[in-house]
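There are 2 protein chains.
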Amino acid sequence: MPPSLTAENTSGRPRRFVIAGMEGCTNCSVCEVRANGICSALRDDELELLARAAVRMAVPPGHIFIEEGSRATDFFNITGGTVKLFKSLPDGRRQITGFVSVGHFLGLAVSDRYAFGAEAIDQVRLCRFSRPKLESMIEEFPRMERRLLAEAANELVAAQDQMLLLGRKTARERVASFLYGQLEVHYGDAIPADARISFPMTRADIADFLGLTVETVSRTLSGLRRDGLVTLNAGHTIGVALPARLKAIAWGDAG
Amino acid sequence: MPPSLTAENTSGRPRRFVIAGMEGCTNCSVCEVRANGICSALRDDELELLARAAVRMAVPPGHIFIEEGSRATDFFNITGGTVKLFKSLPDGRRQITGFVSVGHFLGLAVSDRYAFGAEAIDQVRLCRFSRPKLESMIEEFPRMERRLLAEAANELVAAQDQMLLLGRKTARERVASFLYGQLEVHYGDAIPADARISFPMTRADIADFLGLTVETVSRTLSGLRRDGLVTLNAGHTIGVALPARLKAIAWGDAG
DNA sequence: GATAAGCAATGATTTAGGTCAACGCTGTTA
DNA sequence: TAACAGCGTTGACCTAAATCATTGCTTATC
Numbered sequence: 051m052p053p054s055l056t057a058e059n060t061s062g063r064p065r066r067f068v069i070a071g072m073e074g075c076t077n078c079s080v081c082e083v084r085a086n087g088i089c090s091a092l093r094d095d096e097l098e099l100l101a102r103a104a105v106r107m108a109v110p111p112g113h114i115f116i117e118e119g120s121r122a123t124d125f126f127n128i129t130g131g132t133v134k135l136f137k138s139l140p141d142g143r144r145q146i147t148g149f150v151s152v153g154h155f156l157g158l159a160v161s162d163r164y165a166f167g168a169e170a171i172d173q174v175r176l177c178r179f180s181r182p183k184l185e186s187m188i189e190e191f192p193r194m195e196r197r198l199l200a201e202a203a204n205e206l207v208a209a210q211d212q213m214l215l216l217g218r219k220t221a222r223e224r225v226a227s228f229l230y231g232q233l234e235v236h237y238g239d240a241i242p243a244d245a246r247i248s249f250p251m252t253r254a255d256i257a258d259f260l261g262l263t264v265e266t267v268s269r270t271l272s273g274l275r276r277d278g279l280v281t282l283n284a285g286h287t288i289g290v291a292l293p294a295r296l297k298a299i300a301w302g303d304a305g
Numbered sequence: 051m052p053p054s055l056t057a058e059n060t061s062g063r064p065r066r067f068v069i070a071g072m073e074g075c076t077n078c079s080v081c082e083v084r085a086n087g088i089c090s091a092l093r094d095d096e097l098e099l100l101a102r103a104a105v106r107m108a109v110p111p112g113h114i115f116i117e118e119g120s121r122a123t124d125f126f127n128i129t130g131g132t133v134k135l136f137k138s139l140p141d142g143r144r145q146i147t148g149f150v151s152v153g154h155f156l157g158l159a160v161s162d163r164y165a166f167g168a169e170a171i172d173q174v175r176l177c178r179f180s181r182p183k184l185e186s187m188i189e190e191f192p193r194m195e196r197r198l199l200a201e202a203a204n205e206l207v208a209a210q211d212q213m214l215l216l217g218r219k220t221a222r223e224r225v226a227s228f229l230y231g232q233l234e235v236h237y238g239d240a241i242p243a244d245a246r247i248s249f250p251m252t253r254a255d256i257a258d259f260l261g262l263t264v265e266t267v268s269r270t271l272s273g274l275r276r277d278g279l280v281t282l283n284a285g286h287t288i289g290v291a292l293p294a295r296l297k298a299i300a301w302g303d304a305g
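Protein sequence lines correspond, in order, to chains H and U. Note that the first sequence covers residues 51 to 305 in my numbering. Note that the second sequence covers residues 51 to 305 in my numbering.
This is the structure in structure tokens:
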């Protein structure tokens, strides 16, 4: 029971999010994230089958569409927006384990319960597959399994990096790591000098991701600005003059 | 180039670690971890093929057999002993990302470099496969891929738990979590009241796993003993009278 | 059996980051 | 146009855990 997902066209919201030709889309071959998602592992004719198993959905900002510990009935493939994944302690302490966006696959689990929660940060679009349906798809198209294994391996590497950050880095190193990570998300390997990033998450999200408090994130960003390493613009946009310096800080070259 | 692995029978060490019938073992169907490892996904006749690709090795305590950042030429399947996986910062700060033992598969990575290091804690035995060989095996036996995906998914769940621990738990909660985790390793789901665990890792290993210092681990264990929650015996053996209390502490029910 | 090296425990002191509190800005509701 | 809520920043103060230092084991080496 995915808690109250906002299915396309059934929400009371303005329709501007519904791109022409997407309502009740059954043709994955024209999907905007065809190149990114698990679907990239399939040929056009195979996508035909996938289409029948997929339900396209829109999730409004702040909406939790995977409840931690609930029955894992579905898999999701994100086709737009940014999602935060998290785990919580009974008393409310929260750790964000990752931010994921377009092309990301969600819900892989051996257990029958989700081990984490997922909340939309901005307006999110996704494809939903029922567990049995996806499993039969995998049965039929082993290339999809290959793709999932690759994605899981990548996530594992990211998780290990994050453990190093949470266990051993200082606040300054953590914030620098986060910013540099955002640079990589936006620019890939080719990060220009004098780069500019803009991200949807709040200071509280960043704090919960880095294992810090909002105050420390705020202070640390101010510190980086004072040192001429970043410029804090209005909203969630940050300029980075010397990405290499930021990277050095992120990896312990204090400065 | 796996740095100086100690191949069976080629080391100058006493032979007592070499169990009869294992030298140059080419028969995986009698393997002692048949039920645990990736090999469990295969039928007996398929194991015949696997045997030809595997090289059995012994790794002495303290020996690093995967060097962080080195070329990922091989995969490993642990058949005995305990291994610590870790990541380091240039200045030497170290985070242990996991302890793994019998049946665990190592080396899954999309990149051509290992993202982590691996060091034997006690006497370790393992099967080594070359990357291309394992890949062709997977090609041939999709069930193996299924098995790897399941293992990766489980590791991901463990990694998320560890992120919650490192980012949001207190020292006491971390140590309690570690001890309870060890109880689960030893007893599975059926943890008896008045349990007893014995583990091979040092206080320094535990500290690097929990993102603490040795002193804090030591003090925290002493604190738990003072509170009558554990008994610290000589060596690396710890008694736990009330596992349920420990679990409660691990999840934030302060006490 | 003296010396050294590795591991664990504990005490004294310091500090990085948390907590508590105030304030400013922007956008929304009444 | 006031009241309010959400978000971010900054200051004052506090504390959990780090750091530094000492001691007491074992086990290994000469």
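Glycine is no exception: its CB is placed at the ideal position from the N, C-alpha and C atoms.
Neighbour flag for residue i against chain U, beta carbons, 9 Å
i	result
H:Asp213	The identity of residue 213 of chain H in the sequence shown is Met, whereas the question assumes Asp. By this cut-off, H:Met213 is an interface position.
H:Pro245	For clarity, residue 245 of chain H is Ala in the given sequence; the question names Pro instead. H:Ala245 does not count as touching chain U.
H:Phe166	yes
H:Arg222	no
H:Asp239	no
H:Gly74	At H:Gly74 the pLDDT is 45, less than 50, meaning the model places this residue with poor confidence; the figure from the coordinates comes in the next sentence. It does not; no Cβ of chain U falls within 9 Å.
H:Ala254	no
H:Thr123	no
H:Arg84	no
H:Leu104	First, the residue type needs correcting, since residue 104 of chain H is Ala and not Leu in the sequence shown. With 9 Å as the cut-off, H:Ala104 does not count as an interface residue toward chain U.
H:Pro140	yes
H:Val150	no
H:Lys297	no
Per DSSP, cross-strand counterpart(s) of residue i
i	result
H:Gly289	H:Arg246 and H:Thr281
U:Thr132	U:Ser151
U:Cys177	U:Arg106 and U:Asn127
U:Ser120	Per DSSP, none; premise fails for U:Ser120.
U:Gly167	U:Phe136
U:Gln145	U:Lys137
U:Leu156	U:Phe126
H:Ile114	H:Glu169
CB contact flag (residue i, residue j, <9 Å)
i	j	result
H:Lys134	H:Met251	yes
U:Pro140	H:Gly119	no
U:Val152	U:Thr129	yes
U:Thr287	U:Arg224	no
H:Phe179	H:Leu158	no
H:Gly278	H:Ala291	yes
U:Glu195	H:Leu199	yes
U:Phe155	H:Gln210	no
U:Gly261	H:Gly217	yes
U:Ala202	U:Phe115	no
U:Ala208	U:Ile299	no
U:Arg121	U:Cys177	no
U:Leu229	U:Val264	no
H:Met213	H:Leu100	no
U:Ile146	U:Phe259	yes
U:Arg222	U:Leu274	yes
H:Pro192	U:Pro192	yes
U:Arg253	U:Ser272	no
Interface flag, residue i vs chain H, CB-CB below 9 Å
i	result
U:Pro52	Note that U:Pro52 scores 37 on pLDDT, short of 50, meaning its location in the model is unreliable; the coordinates nonetheless yield the value given after this. Answer no: the Cβ-Cβ gap between U:Pro52 and chain H never drops below 9 Å.
U:Val264	no
U:Ser161	yes
U:Asn127	no
U:Glu195	yes
Neighbour-count burial assignment, residue i, 16 or more Cβ in a 10 Å radius
i	result
U:Asn127	buried
H:Ala294	exposed
U:Asp255	buried
H:Ala104	buried
U:Thr220	exposed
U:Ala243	exposed
H:Val80	exposed
U:Gly142	exposed
U:Gly131	buried
H:Ala108	buried
H:Arg197	buried
H:Arg317	Any question about residue 317 of chain H goes unanswered here, given that chain H covers just 51 to 305.
Count Cβ pairs between the segment 217-236 of chain U and the segment 166-174 of chain U that sit closer than 8 Å; are there 3 or more? The segment 217-236 of chain U is not in contact with the segment 166-174 of chain U.
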